[in-house]
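Engineer:
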Amino acid sequence: MWIQDAHYLEITLRLLLATLLGGLVGLEREQSNRPAGFRTHILVCVGSALIMLISIYGFEEYIKERSQYGYVVADPARLAAQVVSGIGFLGAGTILVHGFAIRGLTTAASLWVVAGIGLALGAGFYFGAILSTGLVLLSLVVLNRFESAVLHKSYFHRLVLKMEDQPGKLGEIATKLGEQNVNIRKLSIEEASQTDPDTVRLVLNIRIPNTVSMAILVDQLRSLDGVKEVSIDK
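Now the structure itself:
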């Protein structure tokens with residue numbers, strides 16, 4: 001028999017735990033509407049655990065046969081090590097560029113960590129896998145709320161402009177914001193309405209220094225040619 005009967009229960013436990021722990025991390029990413037969500041994280045974690053299990057148990061019969069002719073050196077980490085480098089290609093696919101902002105770095109990092117959790121489960125390192133999952137969820141859920149509530153509350157705002165669709169208008173607005181040391185974190189452009197194709201709606205996530213007055217900034221933007229409406233939310 002290729003795998004000893006005593007190993008089947010252990011293999012089942014490790015793969016089920018990989019499904020559970022990977023799914024917990026993926027569920028948070030799914031709720032945050034990220035590119036890689038619930039199923040992707042499960043697949044990465046289970047796949048990593050499976051590769052680790054193959055490294056441990058997949059060559060038992062070969063090692064047993066070869067050991068009859070001499071000493072055989074087995075390295076279970078050799079096959080699993082390819083997961084660490086290979087997961088980078090999948091993580092890169094979740095990184096997206098939106099205007100001046102880059103999104104997906106956290107999701108790429110969570111995929112990389114989930115791959116590590118899967119390898120740990122495949123190797124039977126349950127304590128490290130469970131503890132790592134708890135720390136990842138703490139970072140993604142609790143610390144994310146802390147960051148939004150404490151670090152971003154006083155500095156980051158959502159700026160919405162309704163303006164005419166003219167060449168160079170975006171650069172003019174960016175220049176005006178740059179003069180006030182306003183940092184553009186994210187930008188999106190969409191049609192203001194189907195009935196008025198010459199008007200666009202510009203949405204920017206910006207960071208405003210404490211020395212800049214929001215009221216003055218809004219007035220300066222309203223004074224630009226082609227800008228019809230300006231609103232800002234905290």
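FYI, the UniProt record's numbering numbers position 25 of the sequence shown as 25, with every residue one higher than the one before it.
Glycine residues also receive a C-beta, built at the ideal position from the N, C-alpha and C atoms.
Predicted, not measured: the structure shown is a model, and the values here were computed from it.
(1) Between the C-alpha atoms of residue 255 and Ile206, what's the straight-line distance to the nearest angstrom?
(2) Between which two residues does the beta strand (DSSP E) holding Thr195 run?
(3) How would you label Ser223, buried or exposed, when you count the other beta carbons within 10 angstroms and need 16 or more for buried?
(4) Please classify Met163: is it buried, with 16 or more other beta-carbons within 10 angstroms of its beta-carbon, or exposed?
(5) Round the Cβ separation of Leu121 and Ala109 to the nearest angstrom and send it over; I've been treating them as touching at under 8 angstroms.
(6) Hey, out of Arg39, Leu217 and Ala123, whose CA is closest to residue 236's CA?
(7) When we look at the beta-carbon of Glu229 and count the other beta-carbons within 10 Å, is it buried (16 or more) or exposed?
(8) Could you check the C-alpha separation between His152 and Leu159 for me, to the nearest Å?
(9) Specify the secondary structure class of Phe156 as computed by DSSP and reduced to three states.
(10) Using the three-state DSSP reduction, which class does Arg185 fall into: helix, strand or coil?
(11) What separation, rounded to the nearest whole angstrom, lies between the Cα atoms of Ile173 and Cys45?
Structural biologist: Taking the coordinates as given:
(1) Because residue 255 is not part of the residues shown, which for the chain are 1 to 234, the question remains open.
(2) Here residue 195 refers to the residue found at position 195 when the sequence shown is read from its first residue. Going by DSSP, Thr195 is part of no beta strand (DSSP E) at all; its letter is neither H nor E.
(3) Position 223 of the sequence shown, counting from 1, holds the residue named residue 223. The residue in question, Ser223, is exposed, as its Cβ has fewer than 16 Cβ neighbours within 10 Å.
(4) The residue given as residue 163 occupies position 163 in the sequence shown. Buried, since its Cβ has 16 or more Cβ neighbours within 10 Å.
(5) What you label residue 121 is simply residue 121 of the sequence shown in a count that begins at 1. What you label residue 109 is simply residue 109 of the sequence shown in a count that begins at 1. The pair is not a contact, with the Cβ atoms about 19 angstroms apart (cut-off 8 angstroms).
(6) Residue 236 is absent from the structure shown; the chain starts at 1 and stops at 234.
(7) For the purposes of this step, residue 229 is taken as residue 229 along the sequence shown, with counting starting at 1. The residue is exposed, with fewer than 16 neighbouring Cβ atoms inside 10 Å.
(8) By 1-based counting over the sequence shown, the position of residue 152 is 152. By 1-based counting over the sequence shown, the position of residue 159 is 159. Low local confidence applies: a pLDDT of 49 at His152 is under 50, so the model's placement there is unreliable, and no value is given.
(9) As a first step, residue 156 must be located in the sequence shown, where it is residue number 156. The answer is strand: DSSP assigns Phe156 an E or B state.
(10) In the sequence shown, counting from the first residue as 1, residue 185 sits at position 185. Of the three classes helix, strand and coil, the one that applies to Arg185 here is strand, per DSSP.
(11) Residue mapping note: residue 173 aligns to position 173 of the sequence shown, counting from 1. Residue mapping note: residue 45 aligns to position 45 of the sequence shown, counting from 1. Between Ile173 and Cys45, the C-alpha separation is close to 45 angstroms.
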